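Numbering (this note's numbering), first residue to last: 1 to 92. Below is one structure; the comments refer to it alone.
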């Protein structure tokens with residue numbers, strides 16, 4: 001997946017999370033960010049990776065997000081791995 005496509009998916013995920021009040025509040029609590037922080041850092045690769053990490057914690061969220069955006073269920077994980085600094089580290 002290209003970095004541009006990955007960024008687009010991550011931004012869609014961020015917008016989707018923000019649009020769901022209950023998830024937005026959990027996401028903000030988990031990250032320690034404010035809504036103002038989200039607006040100011042929306043294109044920050046670290047925030048985008050964190051957004052995809054959060055989204056992929058729950059299969060129901062992945063399914064709902066992907067169905068809302070016409071994506072495959074694996075797209076958020078591929079996007080996370082395709083963002084700069086998003087590769088999973090393997091310590092073994």
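By construction, the Cβ of each residue, glycine as well, lies at the ideal position given by its N, Cα and C atoms. Just so it is clear, the structure is predicted and the values come from calculations on it, not from any experiment.
DSSP state of residue i mapped onto helix, strand, coil
{"i": "residue 69", "result": "helix"}
{"i": "residue 48", "result": "helix"}
{"i": "residue 101", "result": "Missing from the structure shown is residue 101; the chain here goes from 1 to 92 and no further."}
{"i": "residue 19", "result": "helix"}
{"i": "residue 58", "result": "coil"}
{"i": "residue 2", "result": "coil"}
{"i": "residue 76", "result": "helix"}
{"i": "residue 82", "result": "helix"}
Beta carbon of residue i nearer than 8 Å to that of residue j
{"i": "residue 54", "j": "residue 30", "result": "yes"}
{"i": "residue 79", "j": "residue 38", "result": "no"}
{"i": "residue 84", "j": "residue 3", "result": "yes"}
{"i": "residue 61", "j": "residue 11", "result": "no"}
{"i": "residue 56", "j": "residue 28", "result": "no"}
{"i": "residue 75", "j": "residue 9", "result": "yes"}
Nearest-angstrom beta carbon gap, residue j and residue i [assumed within contact, 8 Å]
{"i": "residue 7", "j": "residue 48", "result": "6 Å"}
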